[in-house]
Amino acid sequence: MNTHTVDQKRLPGDLAIWIFILAELTVFAALFLMFSVSKSMNPEMFAEGQQTLHPLMGLINTLSLITSSYFVAKAVFFASKGELKKTAQWIWMGIAIASIYLITKGMEYKELFSLGYNLRTNLFYTLYFFITFFHFMHVLMGIVILIAVANKAKKGGYSDDITGVETGASYWHMVDMVWVILFPLIYVIQ
Amino acid sequence: MQISGKHLAGTWVLLIALTLTSAGLGSIDMPRGLLVFLVLLTVLIKNQQIIDVFMELKSAPPLWRGLMQAFTLFIVVVVGITLII
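Those sequence lines, one after another, are chains A and B. If you read the first sequence in numbering that gives the first Met the number 0, its first letter stands for residue 0, the second for the next number, and so on. If you read the second sequence in numbering that gives the first Met the number 0, its first letter stands for residue 0, the second for the next number, and so on.
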């Protein structure tokens with residue numbers, strides 16, 4: 000059977016993670032608004048700054064995070080069927096794909112720093128580095144959570160209750176959601 | 000609600016297609032207002048899919064699904080207005 004049943008009106012994962020997710024999204028919302036308002040007030044500065052970024056790297060990052068999110072969703076799918084080895088395998092694949100994001104972002108930062116751009120260059124770079132690095136740290140934290148979940152799943156730790164898998168996955172999807180907004184805001188809309 | 004493996008895969012394909020569309024729109028010469036509208040529309044659809052399918056909130060209590068949807072809608076509308084005006 001290729002389907003799994005989810006209880007009606009059931010919140011996946013732990014309630015605490017959803018409260019945490021909402022708090023995180025509120026912070027990101029403020030940062031997005033700060034970026035878009037600053038952009039509308041300084042269109043030339045932001046246009047020049049955006050010219051120094053690599054849309055292809057932004058695209059690769061988006062594709063890697065979306066694919067990683069899909070792999071983690073597959074992990075939850077297998078967890079609900081009690082197939083915990085597959086759960087761990089899909090999570091590890093998700094982590095591997097997400098590491099592309101870390102490498103690409105690291106390369107982008109390195110290039111910008113080597114060209115002399117940093118947090119103090121102007122408002123565009125202040126917001127660009129602050130927002131993307133803040134998100135980068137969330138990706139790192141998400142990977143740490145996923146490693147813990149994968150290790151526990153491999154040992155059969157979620158045989159009775161998959162709440163932990165769902166909790167880790169929910170956080171990971173939130174990280175993906177935020178990047179889905181960040182990508183066009185920073186790289187596409189000039 | 001039942002989420003099948005095929006449904007998850009279909010959602011992933013849709014998200015990839017919308018991402019490529021969004022990236023492609025950025026390289027097409029078009030009025031800024033239209034670009035902002037189309038790109039933010041893809042954001043809205045993508046996050047809706049993540050919320051409903053990947054996060055499985057379609058079968059969650061409406062309050063939680065609504066809060067997540069409200070976040071995306073709020074951002075898209077406010078950012079859209081800010082960038083177009």
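Don't be surprised by glycine CBs; every beta carbon is placed ideally from N, CA and C.
Residue-level contact to chain E via CB, residue i, 8 angstroms cutoff
i	result
methionine 176 of chain A	Structure shown: chain E not included; protein chains present are A and B.
Residue i, DSSP secondary structure in three states
i	result
isoleucine 2 of chain B	strand
arginine 31 of chain B	helix
arginine 64 of chain B	helix
methionine 54 of chain B	coil
threonine 120 of chain A	coil
leucine 184 of chain A	helix
aspartate 193 of chain A	With chain A running from 0 to 189 in the structure shown, residue 193 of chain A is simply not present.
serine 35 of chain A	helix
serine 158 of chain A	coil
glycine 115 of chain A	coil
aspartate 6 of chain A	Residue confidence for aspartate 6 of chain A is low, a pLDDT of 48 falling below 50, so the modelled location carries little weight and cannot support an answer.
asparagine 1 of chain A	For asparagine 1 of chain A, the predicted model reports a pLDDT of 45, less than 50, meaning its position is unreliable; a value from the coordinates is still stated below. Looking at asparagine 1 of chain A - three-state DSSP - the assignment turns out to be coil, as it is neither helix nor strand.
proline 11 of chain A	coil
alanine 8 of chain B	helix
threonine 51 of chain A	coil
Where residue i meets chain A, residues with beta-carbon distance less than 9 angstroms
i	result
proline 60 of chain B	Lys8, Arg9 and Leu10
glycine 25 of chain B	Pro54, Pro183, Tyr186, Val187, Ile188 and Gln189
threonine 18 of chain B	Leu58, Thr61, Leu62, Ile65, Val179 and Phe182
Per-residue contacts from residue i into chain B (C-beta, under 9 angstroms)
i	result
lysine 38 of chain A	Thr81 and Leu82
histidine 172 of chain A	Ile49, Ile50, Phe53 and Met54
Top-ranked residue by Cα proximity to residue i, from the options
i	options	result
threonine 66 of chain A	A:Trp171, A:Trp17, A:Ile185 and A:Val36	A:Trp171
tryptophan 178 of chain A	A:Glu110, A:Leu101, A:Leu10 and A:Lys8	A:Leu101
glutamate 110 of chain A	A:Leu52, A:Ala87, A:Ser63 and A:Ile99	A:Leu52
threonine 25 of chain A	B:Phe70, B:Leu40, B:Val12 and B:Ile84	B:Phe70
leucine 126 of chain A	A:Asp13, A:Lys8 and A:Gly48	A:Gly48
phenylalanine 132 of chain A	A:Leu145, A:Ser68, A:Glu107 and A:Ile144	A:Glu107
tryptophan 17 of chain A	A:Phe182, A:Ile188, A:Ser169 and A:Phe128	A:Ser169
glycine 156 of chain A	A:Leu139, A:Ser98, A:Phe123 and A:Ser79	A:Ser79
serine 158 of chain A	A:Ile146, A:Tyr124 and A:Val75	A:Val75
lysine 154 of chain A	A:Gly57, A:Ile144, A:Ala97 and A:Thr86	A:Thr86
serine 68 of chain A	B:Arg31, B:Thr81 and B:Lys45	B:Lys45
threonine 103 of chain A	A:Ile144, A:Leu83 and A:Asn60	A:Asn60
valine 77 of chain B	B:Phe36, B:His6, B:Gly23 and B:Ser26	B:Phe36
Residue burial classification, residue i (beta-carbon count within 10 angstroms, cutoff 16)
i	result
asparagine 117 of chain A	exposed
asparagine 1 of chain A	For asparagine 1 of chain A, the pLDDT reaches just 45, beneath the cut-off of 50, and the residue's location in the model is therefore unreliable, leaving the point undetermined.
methionine 40 of chain A	exposed
methionine 176 of chain A	buried
isoleucine 161 of chain A	buried
glutamine 48 of chain B	buried
aspartate 6 of chain A	Interpretation of aspartate 6 of chain A is limited by its pLDDT of 48, a score under 50 that renders its predicted location unreliable; the figure taken from the coordinates is listed afterwards. Exposed is the call here.
proline 61 of chain B	exposed
proline 11 of chain A	buried
isoleucine 84 of chain B	exposed
methionine 136 of chain A	exposed
phenylalanine 112 of chain A	exposed
aspartate 28 of chain B	exposed
alanine 59 of chain B	buried
methionine 140 of chain A	exposed
lysine 38 of chain A	buried
alanine 95 of chain A	exposed
Listed by chain order, chain A residues near residue i by CB distance under 7 angstroms
i	result
phenylalanine 70 of chain B	Leu24 and Ala28
leucine 34 of chain B	Ile188
valine 77 of chain B	Leu32
Under 8 angstroms from the C-beta of residue i: neighbouring residues of chain B
i	result
lysine 104 of chain A	Within chain B, no residue comes near lysine 104 of chain A; the closest Cβ sits about 17 angstroms away, beyond 8 angstroms.
valine 148 of chain A	The contacting residues do not exist; valine 148 of chain A stays about 15 angstroms from chain B at best.
tyrosine 69 of chain A	Leu7, Ala8, Thr10, Trp11, Leu14 and Phe53
serine 35 of chain A	Val77, Val78, Thr81 and Leu82
Neighbour list for residue i in chain A, Cβ cutoff strictly below 8 angstroms
i	result
leucine 66 of chain B	Leu21
Partners in chain B for residue i, counting only beta-carbon separations shorter than 7 angstroms
i	result
phenylalanine 133 of chain A	Those within 7 angstroms of phenylalanine 133 of chain A in chain B number zero; the least Cβ separation is about 16 angstroms.
tryptophan 17 of chain A	Trp63
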